[in-house]
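Colleague: My questions all concern the structure below.
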Amino acid sequence: MQDRSNKLMKRMLVRYELYLMLLLPLVWFIIFQYVPMYGVQIAFREFMPNLGFLGSPWVGFEHFERFFSSYYFERLLWNTLSISLFQTLVAFPIPIFLALLIHEIQNKRMRKLLQNVTYMPHFISIVVIVGMLNLFLSSETGFVNHVLSAVGIEPIAFMERADWFKTVLISSGVWQNMGWQSIIYIAALSGLDPQLYEAAKIDGASRWQRVMHVSVPGILPTIIILLILDIGHFMNVGFEKILLMQNELNMEASDVISTFIYRNGILKGDFSYSASIGLFNALINFILLIVINAYARRKTETSLW
Amino acid sequence: MKFERRTKIKDDQWFDIIVYAIATVILIMILYPLLFVVSASFSDPSKVIGGEMWLLPKGFTLDAYKEVFETKEVWTGYKNTIIYTVLGTLINITLTTLAAYPLSRKDLPGRSIFMFIIAFTMFFSGGLIPTYLLVQSLGMVDTIWSMMIPTAIATYNLIVMRTYFQTSIPWELQEAALMDGSSNTRLLVSIILPLSKPIIAVMVLFYAVGHWNAYFNALIYLNSEHLYPLQIILRNILITNQNALMEGDAFGLGERLLLAESIKYSLIIVASIPVLLIYPFVQRHFIKGVMIGSLKG
Amino acid sequence: MKKNVTFALISVSLASVVFAGCSGKDPVADPTASAPTDNFHATGFPIVEKPITLDIFNRQSNSNIPWDKMLVFREYEKMTNIKASFKNVPTAGFNEKRNLILNTKDLPDIFISANFTRLDAVKYGTSGMFIPLEGLIDQYAPNIKALFDQYPEIKQSLTAPDGHIYMLSDFVTLFSARTAKPWLNKKWLDELGLEVPKTTQELKNVLIAFRDQDPNRNGQKDEIPMSGENLGQIVSNINGAWGLENQMGNRINVQDDKVRYWPADDRYKQILQYLHELYKEKLLDNTLFTQQDTEYLTKTSEAKVGFFYKQATDTFSAVADQFIGIEPVAGPNGDRLHTQVQPIARSYGAFAITSANPYPAESIRWIDYFSGEEGSIFLRYGVEGQTFNYADGVPTYPDEVLKNEKGSAFAISQFAPWPGTAITHWINDKNSNAVNPPQVQEAAEKLEPYIPERILGAPLFDAATAKKVDTLLTDVNTYIDESSAKFVNGERSFDDWDNYVSTLNKMGLAEIEEIYQEAYDTTYKN
Numbered sequence: 001m002q003d004r005s006n007k008l009m010k011r012m013l014v015r016y017e018l019y020l021m022l023l024l025p026l027v028w029f030i031i032f033q034y035v036p037m038y039g040v041q042i043a044f045r046e047f048m049p050n051l052g053f054l055g056s057p058w059v060g061f062e063h064f065e066r067f068f069s070s071y072y073f074e075r076l077l078w079n080t081l082s083i084s085l086f087q088t089l090v091a092f093p094i095p096i097f098l099a100l101l102i103h104e105i106q107n108k109r110m111r112k113l114l115q116n117v118t119y120m121p122h123f124i125s126i127v128v129i130v131g132m133l134n135l136f137l138s139s140e141t142g143f144v145n146h147v148l149s150a151v152g153i154e155p156i157a158f159m160e161r162a163d164w165f166k167t168v169l170i171s172s173g174v175w176q177n178m179g180w181q182s183i184i185y186i187a188a189l190s191g192l193d194p195q196l197y198e199a200a201k202i203d204g205a206s207r208w209q210r211v212m213h214v215s216v217p218g219i220l221p222t223i224i225i226l227l228i229l230d231i232g233h234f235m236n237v238g239f240e241k242i243l244l245m246q247n248e249l250n251m252e253a254s255d256v257i258s259t260f261i262y263r264n265g266i267l268k269g270d271f272s273y274s275a276s277i278g279l280f281n282a283l284i285n286f287i288l289l290i291v292i293n294a295y296a297r298r299k300t301e302t303s304l305w
Numbered sequence: 001m002k003f004e005r006r007t008k009i010k011d012d013q014w015f016d017i018i019v020y021a022i023a024t025v026i027l028i029m030i031l032y033p034l035l036f037v038v039s040a041s042f043s044d045p046s047k048v049i050g051g052e053m054w055l056l057p058k059g060f061t062l063d064a065y066k067e068v069f070e071t072k073e074v075w076t077g078y079k080n081t082i083i084y085t086v087l088g089t090l091i092n093i094t095l096t097t098l099a100a101y102p103l104s105r106k107d108l109p110g111r112s113i114f115m116f117i118i119a120f121t122m123f124f125s126g127g128l129i130p131t132y133l134l135v136q137s138l139g140m141v142d143t144i145w146s147m148m149i150p151t152a153i154a155t156y157n158l159i160v161m162r163t164y165f166q167t168s169i170p171w172e173l174q175e176a177a178l179m180d181g182s183s184n185t186r187l188l189v190s191i192i193l194p195l196s197k198p199i200i201a202v203m204v205l206f207y208a209v210g211h212w213n214a215y216f217n218a219l220i221y222l223n224s225e226h227l228y229p230l231q232i233i234l235r236n237i238l239i240t241n242q243n244a245l246m247e248g249d250a251f252g253l254g255e256r257l258l259l260a261e262s263i264k265y266s267l268i269i270v271a272s273i274p275v276l277l278i279y280p281f282v283q284r285h286f287i288k289g290v291m292i293g294s295l296k297g
Numbered sequence: 001m002k003k004n005v006t007f008a009l010i011s012v013s014l015a016s017v018v019f020a021g022c023s024g025k026d027p028v029a030d031p032t033a034s035a036p037t038d039n040f041h042a043t044g045f046p047i048v049e050k051p052i053t054l055d056i057f058n059r060q061s062n063s064n065i066p067w068d069k070m071l072v073f074r075e076y077e078k079m080t081n082i083k084a085s086f087k088n089v090p091t092a093g094f095n096e097k098r099n100l101i102l103n104t105k106d107l108p109d110i111f112i113s114a115n116f117t118r119l120d121a122v123k124y125g126t127s128g129m130f131i132p133l134e135g136l137i138d139q140y141a142p143n144i145k146a147l148f149d150q151y152p153e154i155k156q157s158l159t160a161p162d163g164h165i166y167m168l169s170d171f172v173t174l175f176s177a178r179t180a181k182p183w184l185n186k187k188w189l190d191e192l193g194l195e196v197p198k199t200t201q202e203l204k205n206v207l208i209a210f211r212d213q214d215p216n217r218n219g220q221k222d223e224i225p226m227s228g229e230n231l232g233q234i235v236s237n238i239n240g241a242w243g244l245e246n247q248m249g250n251r252i253n254v255q256d257d258k259v260r261y262w263p264a265d266d267r268y269k270q271i272l273q274y275l276h277e278l279y280k281e282k283l284l285d286n287t288l289f290t291q292q293d294t295e296y297l298t299k300t301s302e303a304k305v306g307f308f309y310k311q312a313t314d315t316f317s318a319v320a321d322q323f324i325g326i327e328p329v330a331g332p333n334g335d336r337l338h339t340q341v342q343p344i345a346r347s348y349g350a351f352a353i354t355s356a357n358p359y360p361a362e363s364i365r366w367i368d369y370f371s372g373e374e375g376s377i378f379l380r381y382g383v384e385g386q387t388f389n390y391a392d393g394v395p396t397y398p399d400e401v402l403k404n405e406k407g408s409a410f411a412i413s414q415f416a417p418w419p420g421t422a423i424t425h426w427i428n429d430k431n432s433n434a435v436n437p438p439q440v441q442e443a444a445e446k447l448e449p450y451i452p453e454r455i456l457g458a459p460l461f462d463a464a465t466a467k468k469v470d471t472l473l474t475d476v477n478t479y480i481d482e483s484s485a486k487f488v489n490g491e492r493s494f495d496d497w498d499n500y501v502s503t504l505n506k507m508g509l510a511e512i513e514e515i516y517q518e519a520y521d522t523t524y525k526n
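Chains as they are written, first to last, in UniProt numbering: chain P, 1 to 305; chain V, 1 to 297; chain W, 1 to 526.
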């Protein structure tokens with residue numbers, strides 16, 4: 001026992017430089033992330049600024065109960081989960097696919113063009129994106145419906161239809177962000193050892209086979225880590241765009257937990273209520289993360305910790 | 001692995017055709033709305049709102065750009081944003097690398113604990129009020145530091161960078177260097193960093209764009225107009241209280257809404273040009289890649 | 001084992017900071033305790049002998065320049081010896097910033113135009129962060145007091161259940177500035193040789209003619225017979241034709257001291273049925289539910305719409321001469337009311353004094369001036385000869401302001417703060433020709449005979465009730481808005497109405513009615 005801890009000490013001492021490197025970032029994490037964590041308790045209190053964090057009355061799970069007993073709780077939960085799932089199934093793989101595609105383009109100009117063009121939409125503000133969606137998808141003047149009616153399909157009022165909401169939300173998100181999100185994979189691909197491709201080529205592998213047997217395994221650790229992180233944010237669906245796309249007719253599909261917090265907690269300055277719903281989300285996220293991380297560690301040897 | 005040579009060549013031709021076909025479709029799908037934004041910025045706003053403009057500018061006008069360039073705040077905002085972006089990214093990259101590298105080392109005792117401590121902060125945070133109180137007690141409210149220090153490390157980026165160190169830089173290479181008597185610092189500076197250009201480029205891009213688009217911290221920490229970054233100015237022009245039309249004190253709101261509508265496209269173009277311009281520089285580091293193979297040999 | 005270490009680490013760091021975050025209680029400020037000093041003058045100008053500074057957290061509207069640069073406030077500083085140090089917080093993100101300031105106790109001396117709700121007033125007021133104003137008003141605010149005396153409903157609607165006034169509103173005695181008007185395209189009407197409609201049926205016929213007979217004579221069917229900002233806005237204007245009112249800031253009728261919350265009422269069903277017909281026949285703009293404010297404004301500003309509701313002509317001034325304001329239409333049961341009227345105490349939450357303010361008396365005098373005849377003109381018009389002149393005894397902006405190419409609100413906002421904000425002052429028929437040109441005044445006069453006797457503002461509840469109402473209304477309003485939209489666009493059949501009613505009942509309709517009845521009894525019942 002003594003011996004083992006001595007060994008550990010020695011292993012640590014030899015690597016003291018690494019701990020020194022970690023020092024500054026860790027201090028930052030403690031000051032800026034852990035110090036403010038006393039604020040979590042307001043989820044269980046009726047926070048009043050003049051009474052302070054410890055003086056505000058303790059209400060236990062009252063805020064949680066208020067949220068769970070809301071008439072719309074089930075709908076909020078379902079919409080949040082289904083949008084997230086849809087997003088993970090569709091919006092997560094597409095950037096990977098795009099990165100592989102870009103990697104396979106031999107023509108340098110075309111490759112650069114595609115990269116640059118797909119990157120640009122990321123910078124268009126959401127206000128404008130939603131404005132364009134309204135214009136393009138309008139049932140009367142929108143060009144999408146002009147195209148549809150040209151091939152004999154009845155115009156669809158996309159923005160008014162609850163059943164179209166998630167499709168429009170996610171596909172426009174893919175359009176806007178696939179280039180941006182593919183950057184990470186492109187970087188990972190460019191870090192791959194060119195000798196691997198050479199070897200595969202000599203073995204007589206076709207291009208498709210090289211993609212499947214060299215590129216994909218090469219970026220798999222990156223994919224797994226990003227997937228873990230993605231699932232760790234399962235309950236957090238960005239609210240700004242949804243809020244802008246929301247109207248009375250698609251509310252059934254578009255009301256999610258984050259827009260609910262915005263309306264009932266943030267805008268009204270009810271920090272306790274927002275904190276309790278936030279905590280509920282974080283808890284689910286965290287459990288999901290721990291489960292998926294453990295699974296990934298067992299199956300793929302890639303994991304967060 | 002054994003493959004038939006003839007089918008391979010045929011396959012590869014098909015492969016190329018499919019790749020280019022898909023690439024072209026994606027290009028068109030993305031180019032059209034982009035072109036729309038550009039054309040809209042040169043068009044008469046009522047034609048855009050009415051759905052009359054669909055590809056090329058209609059009712060050509062430079063009014064929107066004139067309006068943007070005449071807005072003094074846009075230029076101050078530009079200047080501030082550039083300062084926050086450059087300085088902030090520098091701090092980000094330094095701290096993130098310092099954390100990501102040691103945590104990528106399999107031989108570091110306590111690595112999992114550190115990772116857990118760090119990953120934990122992605123889920124649980126004290127929230128807005130205590131964070132604000134902290135920044136306030138550090139005396140950073142209404143200073144440029146509030147734009148950089150509270151966001152000095154993004155955990156997500158840290159994890160991405162660590163993953164790259166772990167997977168793209170062979171452990172044997174590091175072991176060999178350590179065996180040769182290199183210190184860990186030297187290893188990081190003269191071997192790891194030169195091999196990590198793609199990920200550093202990505203980190204620069206992620207952090208820089210993050211600073212460029214940041215508005216929430218500016219909203220809550222800054223009070224002086226001369227410190228406002230570009231995004232605050234943009235939001236003030238673009239976002240008006242949507243429900244305010246019905247209120248009694250809405251006089252003048254209509255004219256502001258119409259103004260916002262008329263300049264929003266040109267504003268976006270003016271505001272995003274710098275970040276669009278840095279991309280090719282970042283991209284250069286991907287295309288060269290890193291010749292790990294040659295180093296090994 | 002490894003996990004345990006981690007958790008221990010975290011809980012240690014947590015425990016050590018919990019105490020760091022602990023802050024002591026603040027004594028609740030008592031406004032009478034800080035009696036004004038010798039430096040203070042109870043009447044006349046300057047307000048103080050030696051200069052003092054007030055920290056003011058104000059919302060800067062999108063058209064405003066920073067307030068301290070405005071001529072009005074530069075002059076006012078010279079008159080009062082009080083320097084107003086404005087925070088000039090922009091409108092985008094204002095509420096978030098204000099909430100944070102309130103919750104970190106980083107309090108200014110005064111809030112102006114800070115978008116406060118009644119819930120905020122009670123919550124922060126009763127906890128001692130805002131000081132009660134009624135005593136100060138009695139002693140030092142002759143102008144506001146005079147308005148209180150003349151219009152008792154102002155004081156009623158500002159007073160919280162605990163008897164205190166925590167916040168002030170705007171005081172709008174100009175009827176026209178408190179109501180939307182029905183605007184009809186007279187040019188189209190004349191082109192088709194039609195009469196001004198007097199009933200909902202006639203209105204429908206006119207709209208059909210607008211749709212079919214190409215009143216703008218361009219050979220295209222591009223006319224939009226009727227449009228609106230959203231469904232709620234249309235309902236709240238047309239509901240008078242079915243006898244429904246908008247009392248107490250909600251969907252409420254008050255008759256013989258009985259409060260009736262009407263979203264489950266059969267008359268509301270009839271309104272939705274009427275609107276559904278209009279929608280189905282494309283008489284009502286089919287983009288109503290998705291169009292953005294700018295699209296709607298553009299349509300009206302280009303005279304593409306035949307009939308809509310709007311307070312003034314400012315957003316369609318270029319084509320305003322094509323439109324006339326009409327009398328409200330009568331409904332099928334003979335009801336003919338116009339009930340979309342705001343109370344005199346409009347824009348609640350326009351002014352509040354915090355417990356951090358060392359000069360409450362000075363502050364109330366500072367704001368009171370703007371509620372007098374002279375001061376209200378000063379606040380709205382600036383300095384005679386510089387920013388306005390008298391024409392026929394009425395203050396009038398010069399043409400370079402009224403016809404400014406960037407808009408009149410923008411031009412006014414260069415020297416006066418009121419466009420797009422709520423700063424407590426008196427808005428009357430003598431100081432409002434920018435918002436109330438003759439055409440708008442005429443339209444208002446046509447409505448006046450049809451307004452209900454009393455317009456009751458939203459009541460102030462005590463903190464616990466306020467929270468309860470808020471929680472109830474959040475879900476109920478979502479349900480009503482959503483269902484109404486579906487009834488109108490036909491997605492939901494009226495066969496389903498009973499279902500709708502029973503769901504509403506389950507959600508607590510009776511409870512809402514009860515709470516409002518109670519509030520009515522304590523606030524408004526004489």
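Beta carbons are placed, not taken as given, at the ideal position from N, Cα and C, and that holds for glycine.
#1: Using 8 angstroms for Cβ pairs, my map puts V:G127 next to P:F271. What's the rounded Cβ distance?
#2: Among the candidates V:L234, V:L87, V:Y32, whose CA atom is the shortest distance from the CA of W:E90?
#3: I'd like to check one pair, V:A119 with V:T155: are the Cβ atoms closer than 8 angstroms?
#4: With distances taken between CB atoms, is the gap from W:M167 to W:Y348 smaller than 8 angstroms?
#5: W:D335 and W:A241 - do their beta-carbons sit closer together than 8 angstroms?
#6: Going along the segment 443 to 469 of chain W in order, which residues come within less than 9 angstroms of chain V, judged by CB to CB distance?
#7: For the alpha helix (DSSP H) that contains W:M129, what are its first and last residues?
#8: With C-beta atoms as the reference, is W:L284 less than 8 angstroms away from W:F487?
#9: My parser needs the alpha helix (DSSP H) runs of 4 or more residues fully inside the segment 408 to 450 of chain W; what are they?
#10: Please report whether the beta-carbon of V:Y132 lies at a distance below 8 angstroms from any beta-carbon of chain W.
#11: For the segment 258 to 321 of chain W, list the alpha helix (DSSP H) runs that are entirely contained and at least 4 residues long, ordered along the chain.
#12: Who pairs with W:M226 in a beta bridge, going by DSSP?
#13: Pull up the DSSP beta-bridge partners for W:G219, would you.
#14: Within 8 angstroms (strictly less), CB to CB, does V:N80 reach chain P?
#15: By alpha-carbon positions, which one of V:L227, V:R105, V:L195, V:T151 ends up nearest to V:E175?
#16: Mind pulling the chain P residues with CB within less than 9 angstroms of V:L95?
#17: Can you say whether V:H226 is buried or exposed, counting buried as having 16 or more other CB atoms within 10 angstroms of its CB?
#18: Among P:V211, P:M159, P:M120, whose alpha-carbon lies nearest the alpha-carbon of P:A99?
#19: Can you list, in chain order, the residues of its chain whose CB lies under 7 angstroms from that of W:G21, leaving out five sequence neighbours each side?
#20: From P:Q33, P:H233, P:L89, P:V174, pick the residue whose C-alpha is nearest to that of P:L283; which is it?
Modeller: With the structure as the only source:
#1: By one-based count along the second sequence, residue 127 of chain V stands at place 127. By one-based count along the first sequence, residue 271 of chain P stands at place 271. The Cβ separation is near 7 angstroms, so the contact holds.
#2: Counting from 1 along the third sequence, the entry for residue 90 of chain W is found at position 90. Before going on, a small fix: residue 90 of chain W reads as Pro here, not Glu. Per the Cα distances, V:L234.
#3: Counting from one through the second sequence, the residue named residue 155 of chain V turns up at place 155. Counting from one through the second sequence, the residue named residue 119 of chain V turns up at place 119. Contact annotation: V:T155 and V:A119 have beta-carbon atoms nearer than 8 angstroms.
#4: Against the third sequence, residue 167 of chain W aligns to sequence position 167. Against the third sequence, residue 348 of chain W aligns to sequence position 348. Yes; because the gap between Cβ atoms is below 8 angstroms, this pair is in contact.
#5: Position 241 of the third sequence, counted from the start, is the residue given in the question as residue 241 of chain W. Position 335 of the third sequence, counted from the start, is the residue given in the question as residue 335 of chain W. Between W:A241 and W:D335, the CB-CB gap stays under 8 angstroms.
#6: So nothing in the stretch comes that close.
#7: For the purposes of this step, residue 129 of chain W is taken as residue 129 along the third sequence, with counting starting at 1. Counting along the chain, W:M129 falls outside any alpha helix (DSSP H), and DSSP gives it neither H nor E.
#8: On the third sequence, residue 284 of chain W is found 284 positions in, with the first residue counted as 1. On the third sequence, residue 487 of chain W is found 487 positions in, with the first residue counted as 1. No, Cβ-Cβ distance for W:L284 and W:F487 is not below 8 angstroms.
#9: Scanning the segment 408 to 450 of chain W from its first residue to its last, the whole alpha helix (DSSP H) runs of 4-plus residues come out as 408 to 412, 438 to 447.
#10: By one-based count along the second sequence, residue 132 of chain V stands at place 132. V:Y132 has a beta carbon lying within less than 8 angstroms of a beta carbon in chain W.
#11: Counting only runs of 4 or more residues that sit fully inside the segment 258 to 321 of chain W, the alpha helix (DSSP H) segments are 266 to 280, 293 to 301, in chain order.
#12: Numbered from 1 along the third sequence, position 226 holds the residue referred to as residue 226 of chain W. Beta-bridge annotation (DSSP): W:M226 is paired with W:L284, W:F307.
#13: Position 219 of the third sequence, counted from the first residue, corresponds to residue 219 of chain W. Under DSSP, W:G219 forms no beta bridge with any residue.
#14: Numbered from 1 along the second sequence, position 80 holds the residue referred to as residue 80 of chain V. Chain P contact via Cβ: absent.
#15: Counted from its first residue, the second sequence places residue 175 of chain V at position 175. Comparing Cα-Cα distances from V:E175 to each of V:L227, V:R105, V:L195, V:T151, the minimum goes to V:R105.
#16: Residue numbering aside, residue 95 of chain V sits at position 95 when the second sequence is read from its first letter. Within chain P, the C-beta atoms nearer than 9 angstroms to that of V:L95 come from L24, P25, W28, in chain order.
#17: Position 226 of the second sequence holds residue 226 of chain V. By the neighbour-count definition (other C-beta atoms within 10 Å, threshold 16), V:H226 is an exposed residue.
#18: Translated into positions along the first sequence, residue 99 of chain P becomes position 99. Residue nearest to P:A99 within the set P:V211, P:M159, P:M120 is P:V211 (criterion: CA-CA distance).
#19: Against the third sequence, residue 21 of chain W aligns to sequence position 21. For W:G21, the pLDDT reaches just 35, beneath the cut-off of 50, and the residue's location in the model is therefore unreliable, although a value from the coordinates is still provided. There are no such residues.
#20: Looking up residue 283 of chain P in the first sequence gives position 283. If we check each option's Cα against that of P:L283, P:H233 comes out closest.
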